[in-house]
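2 protein chains.
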Amino acid sequence: MDDADVAFQGERGAYSEGAAISYFGEKLVPISCRTLKEVFSKVESKKVNFAVVPMENSLEGSVNESYDLLLESNLKVRGEIEYRVNHCLIANPGTKLKEIREVYSHPQALAQCRGYLSKMGFDTVPAYDTAGSVLLIKEKKLEKTAAIASSRAAEIYGMKVLADKIAGSTRNFTRFFVLGDSDHQPTGADKTSIIFSTKHQPGALYAVMKVFASNKINLTKIESRPTKRTPWEYNFYVDFEGHRLDVKIQKLLRTLDQAAVFVKILGSYPAARK
Amino acid sequence: MDDADVAFQGERGAYSEGAAISYFGEKLVPISCRTLKEVFSKVESKKVNFAVVPMENSLEGSVNESYDLLLESNLKVRGEIEYRVNHCLIANPGTKLKEIREVYSHPQALAQCRGYLSKMGFDTVPAYDTAGSVLLIKEKKLEKTAAIASSRAAEIYGMKVLADKIAGSTRNFTRFFVLGDSDHQPTGADKTSIIFSTKHQPGALYAVMKVFASNKINLTKIESRPTKRTPWEYNFYVDFEGHRLDVKIQKLLRTLDQAAVFVKILGSYPAARK
Chain A
1 MDDADVAFQG ERGAYSEGAA ISYFGEKLVP ISCRTLKEVF SKVESKKVNF AVVPMENSLE
61 GSVNESYDLL LESNLKVRGE IEYRVNHCLI ANPGTKLKEI REVYSHPQAL AQCRGYLSKM
121 GFDTVPAYDT AGSVLLIKEK KLEKTAAIAS SRAAEIYGMK VLADKIAGST RNFTRFFVLG
181 DSDHQPTGAD KTSIIFSTKH QPGALYAVMK VFASNKINLT KIESRPTKRT PWEYNFYVDF
241 EGHRLDVKIQ KLLRTLDQAA VFVKILGSYP AARK
Chain P
1 MDDADVAFQG ERGAYSEGAA ISYFGEKLVP ISCRTLKEVF SKVESKKVNF AVVPMENSLE
61 GSVNESYDLL LESNLKVRGE IEYRVNHCLI ANPGTKLKEI REVYSHPQAL AQCRGYLSKM
121 GFDTVPAYDT AGSVLLIKEK KLEKTAAIAS SRAAEIYGMK VLADKIAGST RNFTRFFVLG
181 DSDHQPTGAD KTSIIFSTKH QPGALYAVMK VFASNKINLT KIESRPTKRT PWEYNFYVDF
241 EGHRLDVKIQ KLLRTLDQAA VFVKILGSYP AARK
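These protein sequences, in sequence, are chains A and P. Here our numbering is used: position 116 in the first sequence is 116, and no number is missing along the way. Here our numbering is used: position 255 in the second sequence is 255, and no number is missing along the way.
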C-alpha cells in the first residue's frame, strides 16, 4: 500500500498523531504542523495528501477553530476517527514524582487533570500543546517539572511516565475528521457533514430542521458558530446519517437548498461507530 | 443606591470588570476571582451578591466553561451585557514599541491580534488572562515585553499603551450574563434562557424545536454542550424572547416539559439590545 502523508497539529506524540496512526496504520508518514491553519494549507496546496484534525471532545465540546477553518476551506471530509485520550504525567528520566513542583501542558489538558494536580499541590503553566510541553522540558532539561501528554509522547522523546490516567474522567474521547481533496465513496454505513445558514428571522432554523425531520434523516450533531460578519448571527454545522450520493440524501439536499440561505457540503465518510 | 459587589474572573482591569462597570456603574464593588468556578461559588455561598460571566464572543463563539457551570449551579440569570472588546499593546512606562520582542496574553487575545503580531515579528507567550499579563510584566519588570489587554488594565496598573485597536476585526463584542440568586422582574423587552436535553432518538431535537415554532417564540441562540455522562450526547442551551412570567412563555414551558427529557430555567432578564 502507498505511504500516506498526513498533516496534524502539534509536535510528534500529539493525540492527533495517535489518532492518525489508529486510522492509517503502518503506512502513515506523520507531518507535524505548528497550527491548525498550517495543517489545512499543507493539504490545500497539495504538499501533503491528508489531514487529521480534532473536531470535538466528549468532555470539552467542539474545537471552534477546526469548524471555522472548514467553512473557508475546499477540503473534503473523507473519514471520522474516535480516539481515547489518556493523560499521563511525564518528566525527564532522572526525575521522581515527589520532586515535581510545576506542570506544563495545554490549558484543556490541565483543566481535565485539575483534581489530580490540586491534590498533588502542583503549580500549572499553560503551553501551546501537550506533546510540545514534553519536548520543552526535555530540551530545557527542566528539573522539578513535568508535562501532561500521551504515553506515546514519552516514548518518542525518551521521557519517563510518572503517573498514568490522571484525568478526572475516563470518558474522554476526541472525534477527528480525516480531510483530503475528495470525500469517500459510499459504504452503506456513512455520515455526511454540511454547513448552512438561515434567514435572520423567527422560525428560520426550525424550517431547516423540519426538512431533516420530514425526510426522516437522523441528525447526529448540530453546532452553531458566529458568522464573524454580524455579531450574534450564526452558521450551523450538522452531521447526519447517510451518504450524499444516497437517493434519500440527494432529495434532502435539494430541499435544503431552498430552505437555507446557503448550504456547503463538507463530505460523506464511513461512520467511526457503526 | 446600595453598593453592588460583583465577582468576575481575572485580575482588576479584565474585560469582565469593564462589562460589570458598564452595567452597575458607580455602585460597583469589583471582586476579582482566579477562576470562573470561584466566581460562581462566591455568589452561591452568598459571600458576593452578583457575578458577571462571559457567555459568548462575536468572533470566537461560546465560552464553554460558563455554559457547563450554569448547568450545575442554582444561580439565576438576571441581566445581559454586550461589551466591546478593544485589545491594546501594553508595556512598562519606559519601554518603546521598537524594543518589544515578546507579547504575553490569553491565547484567544493572541489569536485575535495574530495579523498585527506577525507583521511586527513578535513572539507570543500564552497566559491565563489579559489583565493578569499586564500585572505580570509590571511585577517582574520585564523589558522588551508587552501584554495584550484593555486600556483600563493599563490605567489601573500605571502602564503604557503602545498601540491601540490591534485586533484584526472591530466587530469584537462579548456577551455577558449577570447572575444572582433570583432573576429579573418583567420589563416588556425580556429574554429567557433555558437548558434542555432530548431523548436520544431520531427527530427528538426537532420535536422540541417544533414547540418553539408552533408557539411563535423567537429563538435568539441555540448551543449544544456534551453531557459528559455519555460521549456524543448533548444538552441544548436556548435563549429566546419573552419573560418566563408571560402567559405565552408559560404555555411554552408547560409543553416543553413534555417534549424534552429535562428542562432547567436559567432565568429571565431585560434584553441588552432592545
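From the three backbone atoms N, C-alpha and C, an ideal C-beta is built for every residue, glycine too. Since the model is a prediction, treat every value here as computed from it, not as a measurement.
Using a Cβ-Cβ cut-off of less than 7 Å, list which residues of the segment 22-40 of chain A approach chain P; keep chain order. If the cut-off is 7 Å between Cβ atoms, the segment 22-40 of chain A has nothing near chain P.
Cα-Cα, which of A:Arg229, A:Gln112, A:Gly158 is closest to Gly168 of chain P?
For the set A:Arg229, A:Gln112, A:Gly158, the Cα lying nearest the Cα of Gly168 of chain P is the one of A:Arg229.
Report task. State the CB to CB distance for the pair Ala272 of chain P and Glu82 of chain P, rounded to an integer number of angstroms; the pair is presumed to be in contact (CB under 8 Å). Result -> Confirmed, about 5 Å.
Task: Nearest-angstrom Cβ-Cβ length linking Val125 of chain P and Thr198 of chain P, presumed shorter than 8 Å - done: Actually they do not touch by this definition, with Cβ atoms about 43 Å apart.
Query - For Asp183 of chain P: DSSP bridge partner residues - result: The partner list for Asp183 of chain P (beta bridge, DSSP) is empty, contrary to what the question assumes.
How many angstroms separate the CA atom of Ser151 of chain P from the CA atom of Gly158 of chain P? Going by the C-alpha atoms only, they are around 10 Å apart.
Item to complete: Give, in chain order, every residue of the segment 118-138 of chain A whose Cβ lies closer than 8 Å to some Cβ of chain P.
Response: Closer than 8 Å at the C-beta level to chain P, one finds these residues of the segment 118-138 of chain A: Pro126, Ala127, Tyr128.
Is the shortest distance between the beta-carbon of Met1 of chain A and the beta-carbons of chain P less than 8 Å?
-> Only weak support is given to the placement of Met1 of chain A: the predicted model assigns it a pLDDT of 46, under 50, and the value that follows is read from those uncertain coordinates. Cβ-Cβ to chain P under 8 Å: no for Met1 of chain A.
Taking DSSP's pairing of strands, which residues face Arg225 of chain A in a bridge? DSSP output for Arg225 of chain A lists A:Asn235 as bridge partner(s).
Around the C-beta of Glu285 of chain P, are 16 or more other C-beta atoms found within 10 angstroms, so that it is buried, or is it exposed?
Any property of residue 285 of chain P remains undetermined from this structure, which presents chain P solely from 1 to 274.
Taking 8 Å as the CB-CB cut-off, is Phe262 of chain A touching chain P? With a threshold of 8 Å between beta carbons, Phe262 of chain A makes no contact with chain P.
field: Status (buried if at least 16 other CB within 10 Å, exposed otherwise) for Val85 of chain A
entry: Val85 of chain A should be labelled buried.
query = What number of angstroms, rounded off, separates the C-alpha of Glu223 of chain A from the C-alpha of Lys42 of chain A?
reply = So the alpha carbons of these two residues sit roughly 26 Å apart.
- request: Inspect the CB distances between the segment 134-154 of chain P and the segment 89-101 of chain P and report whether three or more fall short of 8 Å.
  value: Taking a cut-off of 8 Å on C-beta distances, the segment 134-154 of chain P touches the segment 89-101 of chain P, as three or more cross pairs fall below it.
Would you list the one or two residues that DSSP bridges to Leu75 of chain A? As computed with DSSP, Leu75 of chain A is found in no beta bridge at all.
According to DSSP, is Leu162 of chain A part of a helix, a strand, or is it coil?
Strand.
Inset, instruction - May I ask you to list, following chain order, the residues of the segment 46-67 of chain A that have a beta carbon less than 7 Å from some beta carbon of chain P? - result: Those would be Ser58, Leu59, Glu60, Gly61, Asn64, in chain order.
Residues sharing a beta bridge with Lys47 of chain A, DSSP: Beta-bridge partners assigned by DSSP to Lys47 of chain A: none are found.
| said: Can you check whether the C-beta of Ala4 of chain P is within less than 8 Å of a C-beta belonging to chain A? | reply: For Ala4 of chain P, the answer is no, since every Cβ of chain A falls outside 8 Å of its Cβ.
Margin query: Against chain P, with Cβ distances strictly below 8 Å, would Ile166 of chain A count as a contact?
Written below: No, Ile166 of chain A lies away from the interface with chain P (no Cβ there is under 8 Å from its Cβ).
Burial state of Ser16 of chain A, where buried means 16 or more other Cβ atoms lie within 10 Å: Note on Ser16 of chain A: 16 or more other CB atoms within 10 angstroms of its CB, so buried under the neighbour-count rule.
Can you name the residues of chain P whose CB is closer than 8 Å to the CB of Ser73 of chain A? Think of a sphere of 8 Å around the beta carbon of Ser73 of chain A: no beta carbon from chain P falls inside it, the nearest being about 17 Å out.
- Please classify Gln346 of chain A: does DSSP put it in a helix, a strand, or coil? Summary: the structure shown does not reach residue 346 of chain A, with chain A confined to residues 1 through 274, and so no result is reported for it.
Practice task
Using three-state DSSP, classify Thr35 of chain P as helix, strand or coil.
Solution key: Note: Thr35 of chain P maps to coil in three-state DSSP.
Point to revise | Leu253 of chain P vs Val238 of chain P beta-carbon contact at 8 Å | key: For the 8 Å CB-CB criterion, Leu253 of chain P and Val238 of chain P do not form a contact.
Report task. Please report the Cβ distance between His106 of chain P and Ala91 of chain P, rounded to the nearest whole angstrom; I am assuming they are in contact, meaning their Cβ atoms lie under 8 Å. Result -> About 17 Å separates the beta carbon of His106 of chain P from that of Ala91 of chain P, a gap too long to meet the 8 Å contact definition.
### Message
Against chain A, does Glu223 of chain P count as a neighbour if the rule is that its beta carbon must be under 8 Å from one of theirs?
### Response
Interface residue, yes.
Against Gly203 of chain P, what residues of chain A qualify as contacts under a CB-to-CB distance less than 7 Å, listed in chain order?
Residues of chain A passing the Cβ test: Ala213.
| Is Ser66 of chain P buried or exposed, if buried means 16 or more other CB atoms sit within 10 Å of its CB? | So Ser66 of chain P ends up on the buried side.
Exposed or buried, which one is His200 of chain P when buried takes at least 16 other CB atoms within 10 Å?
With fewer than 16 Cβ atoms within 10 Å of its Cβ, His200 of chain P is classed as exposed.
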